[in-house]
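Quick note on numbering: the sequence shown equals residues 14 to 589 in my numbering.
Reviewing the structure listed below.
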Amino acid sequence: MASSCSFTSPLCTWLVAACMSFTCGSRDPHQPPSVLRRYTNNKREGLSAARRRKLSAKCGVGGEVVNGGLVSSFSGSSHSIQSLMASCLPFEPCNEYYSSVSSLGFFGDNGFSSFFGSNNSTVTLNRRQRRLRLNRVTRSGEAMAVAVQPDEEVTTKKKPHMKQKRVVVTGMGLVSPLGHEPDVFYNNLLEGVSGISEIETFDCTSFPTKIAAEIKSFSTDGWVAPKLSKRMDKFMLYLLTAGKKALADGGITEDVMNELDKSKCGVLIGSGLGGMKVFYDAIEALRISYKKMNPFCVPFATTNMGSAMLAMDLGWMGPNYSISTACATSNFCILNAANHIIRGEANLMLCGGSDAAVIPIGLGGFVACRALSQRNNDPTKASRPWDINRDGFVMGEGAGVLLLEELEHAKKRGAKIYAEFRGGSFTSDAYHMTEPHPDGVGVILCIEKALAHSGVSREDVNYINAHATSTPAGDIKEYQALIHCFGQNRGLRVNSTKSMIGHLLGAAGAVEAIAVVQAIRTGWIHPNINLENPDGVVDTNVLVGPKKERLEVKAALSNSFGFGGHNSSIIFSPYK
14 MASSCSFTSP LCTWLVAACM SFTCGSRDPH QPPSVLRRYT NNKREGLSAA
64 RRRKLSAKCG VGGEVVNGGL VSSFSGSSHS IQSLMASCLP FEPCNEYYSS
114 VSSLGFFGDN GFSSFFGSNN STVTLNRRQR RLRLNRVTRS GEAMAVAVQP
164 DEEVTTKKKP HMKQKRVVVT GMGLVSPLGH EPDVFYNNLL EGVSGISEIE
214 TFDCTSFPTK IAAEIKSFST DGWVAPKLSK RMDKFMLYLL TAGKKALADG
264 GITEDVMNEL DKSKCGVLIG SGLGGMKVFY DAIEALRISY KKMNPFCVPF
314 ATTNMGSAML AMDLGWMGPN YSISTACATS NFCILNAANH IIRGEANLML
364 CGGSDAAVIP IGLGGFVACR ALSQRNNDPT KASRPWDINR DGFVMGEGAG
414 VLLLEELEHA KKRGAKIYAE FRGGSFTSDA YHMTEPHPDG VGVILCIEKA
464 LAHSGVSRED VNYINAHATS TPAGDIKEYQ ALIHCFGQNR GLRVNSTKSM
514 IGHLLGAAGA VEAIAVVQAI RTGWIHPNIN LENPDGVVDT NVLVGPKKER
564 LEVKAALSNS FGFGGHNSSI IFSPYK
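Here it is, written out as structure tokens:
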């Protein structure tokens, strides 16, 4: 019985659809449909003898002889197709339907056997019936109305309306060129300090670009086991350290950890490039012998392993994966983490991004793309978003992690709430691998969808942390999209954190999200440094100047865009 139901449920649905659409399309008259006639004949076999004789008298099919065939093997001789249809569908075809399909003979001479590759059934028809069927079938283009009456009204149960869960930021952790604590990092931003300098970790004299926002001092002591710290790629070390710092900042002590429902705690921290150093070292070792390769080179190079290792360390069994969308990675991770909380799949989520590509292969790859600044003689002036003399972005490295939490859960444990995550969106330019869409339609659509998703009025957005990487095309296209969406907002302020820390690739969005949350907390927004000769297209009344400014943030938007045309926008506001 179970196998019969599982087989016939989709079959019945398909058959009714076939009946309703049969004569609407054009068809070769010499190839009539071959399914429905056998279906109808076998249906009559499953009826009582009296009912069968009554139908035969009405439909004039007394000359047909039908063996059990394949339908009987599906449904069983004791069950009619009518009962199958009643069990599969919320309605029963009327008598006119059975009459029309009996006279039309939809199934052709081979019936189900032609459809399923079996020749177990035979049919004999008198000449008049065959001629009648052929005439009816060849009238292509005529719509056939199939009268279907529901036995009873079909009702769909609506899910009870539930108030949407709110998501708040209760912890922050980072590793950056301007410090490894949120307050140290943001104070340096407010003072206009640049983290860009000459590269020191390797000899780059042969490269046209010799500068980066490099992390000069970093220690995993107290955060990562020494044995792992020797084997892991730097992107994983940055990720684990920033993630655990976010937990500590959020007040997740050992006692609190023991009380958490770990099945509803997740990790979603991505990377744009993953473990490039581990993989590069493995390739160098392979030149000698595969025996010299790090046995962990494959897992430690994959972008998901950072999130996985952090979840293993914490024992968190909720959503755990990573997203890689180039330089938009962090925003994608943050928004998806928030959605897990909104859907009730998690109470806490560690989310963000990490990258460590300031190595020869990373630098060489971006040099080959002609994407990097070559202002080697004055590194602190190299990253200059919206300045007419900008000549490319400056590579950076680091990690940023937010602890997102469901509001009621945070209140219950007495957590300190820094800001509220309101929502966001992603779109695709679907235009070019590295160039922005010339009309900015992808960015505009992304911002509009982010506003709709968050429920934030565009008039309330008075601070934007732009993606602005200091590239000739990208800066202007984003600026034009921002003016299109928010040009009427009085007091709108726009800045770019990258003017001081360069472009942290997959980690950029998370580190900049921390800058946004700090702006909400402190009431200060950081300056745009190196904006000495603004591009003629931009309005300097919108862009923050060379000094920090006071601003009571109502709602703040943070953009991140990545190679491949990935656009992302997320929105934060003060918690009220």
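Cβ coordinates follow ideal geometry from the N, Cα and C atoms, glycine included.
These figures come from a predicted structure and were not determined experimentally.
Item: Mind reading off the beta-carbon distance from Ala528 to Phe434? Whole number of angstroms is fine, and I expect it under 8 Å.; Value: Going by Cβ atoms, the distance from Ala528 to Phe434 rounds to 15 Å, so no, they are not a contact pair.
Item: Could you have a look at Val48 and say whether DSSP puts it in helix, strand or coil?; Value: Legend: pLDDT at Val48 = 39, less than 50; position of this residue unreliable, value from coordinates given subsequently. Val48: coil per DSSP, three-state reduction.
Item: Would you call Asp274 buried or exposed, if buried means 16 or more other Cβ atoms sit within 10 Å of its Cβ?; Value: exposed
Item: May I ask you to list the residues that DSSP assigns as paired with Met185?; Value: Leu415
Item: What did DSSP end up calling Ala479 once you bin it into helix, strand or coil?; Value: coil
Item: Could you name the residues of the same chain whose beta carbon sits closer than 7 Å to that of Gly504, not counting the 5 residues immediately before and after it, in chain order?; Value: Asn475
Item: For the 8 Å Cβ check, are there 3 or more pairs between the stretch 519 to 526 and the stretch 406 to 415?; Value: yes
Item: For my contact list, Asp368 and Ser284 are in at a C-beta cut-off of 8 Å; report their separation, rounded to the angstrom.; Value: 6 Å
Item: Measure the C-alpha to C-alpha separation of Val188 and Lys305 and round it to an integer number of angstroms.; Value: 31 Å
Item: Is the stretch 547 to 562 touching the stretch 488 to 506, taking contact as three or more C-beta pairs under 8 Å?; Value: yes
Item: Quick one: using the 10 Å Cβ neighbour count with 16 as the cut-off for buried, is Met408 buried or exposed?; Value: buried
Item: Can you say whether Arg300 is buried or exposed, counting buried as having 16 or more other CB atoms within 10 angstroms of its CB?; Value: exposed
Item: Would you please state the rounded distance, in angstroms, between the beta carbons of Arg397 and Leu544? I believe it to be under 8 Å.; Value: 7 Å
Item: Does DSSP put Glu491 in a helix, in a strand, or in coil?; Value: helix
Item: Quick check: the Cα distance between Gly468 and Asp216, rounded to an integer number of angstroms?; Value: 50 Å
Item: Within 10 angstroms of the Cβ of Ile477, are there 16 or more other Cβ atoms? Answer buried if so, exposed if not.; Value: buried
Item: Taking DSSP's pairing of strands, which residues face Gly588 in a bridge?; Value: This sequence places Tyr at residue 588; Gly is not what is there. Beta-bridge pairing links Tyr588 to no other residue.
Item: Buried or exposed, going by whether 16 or more other CB atoms sit within 10 Å of the CB of Tyr322?; Value: Looking at the sequence provided, one finds Met at residue 322 rather than Tyr. Classification for Met322: buried.
Item: So, at 6 Å on beta carbons, what are the nonlocal neighbours of Asn580 in its own chain, with the 5 sequence-adjacent residues on each side left out?; Value: Thr440, Gly455, Val456, Cys459 and Phe574
Item: Can Pro540 and Pro559 be called in contact, C-beta distance under 7 Å?; Value: yes
Item: Can you round the beta-carbon distance between Ala443 and Ile584 to whole angstroms, since I take them to be within the 8 Å contact cut?; Value: About 24 Å separates the two Cβ atoms, so there is no contact after all.
Item: Distance check for Ala486 and Gly357, CA to CA, integer angstroms please.; Value: 41 Å
Item: If distances are taken between C-alpha atoms only, which option among Thr447, Leu417 and Asn360 comes closest to Thr338?; Value: Thr447
Item: From the DSSP secondary-structure annotation, give me the bridge partner or partners of Ile538.; Value: Glu562
Item: Using a threshold of 7 Å, state whether the C-beta atoms of Val380 and Ala225 are closer than that.; Value: no
Item: Should Ile354 and Glu419 be called a contact, given that it needs their Cβ atoms to be closer than 7 Å?; Value: yes
Item: From this set, Tyr431, Asn333 and Ile489, which residue's C-alpha is nearest Thr316's C-alpha?; Value: Asn333
Item: May I have the straight-line CA-CA distance separating Arg383 from Ile282, to the nearest angstrom?; Value: 29 Å
Item: For Cys346, which three-state DSSP category applies?; Value: helix
Item: Does any heavy atom of the ligand MG sit closer than 6 Å to the C-beta of Val557?; Value: Among the components modelled here there is no ligand, and therefore nothing to report on the ligand MG.
Item: Taking the straight line between their C-alpha atoms, what separation do you get for Leu253 and Asp196?; Value: 19 Å
Item: Considering Cα atoms alone, identify which of Gln493, Ile212, Ile533 and His480 is closest to Ala521.; Value: His480
Item: Spell out the partners DSSP gives Val507 in its beta bridges.; Value: Ile477 and Leu556
Item: Give the DSSP-derived three-state secondary structure of Met408 in the structure shown.; Value: strand
Item: Given that a residue counts as buried once 16 or more other Cβ atoms are within 10 Å of its Cβ, and exposed if not, what is Pro190?; Value: buried
Item: Return the first residue and the last residue of the beta strand (DSSP E) that Val291 is part of.; Value: That residue, Val291, is in no beta strand (DSSP E); its alpha helix (DSSP H) goes Met289 to Leu299.
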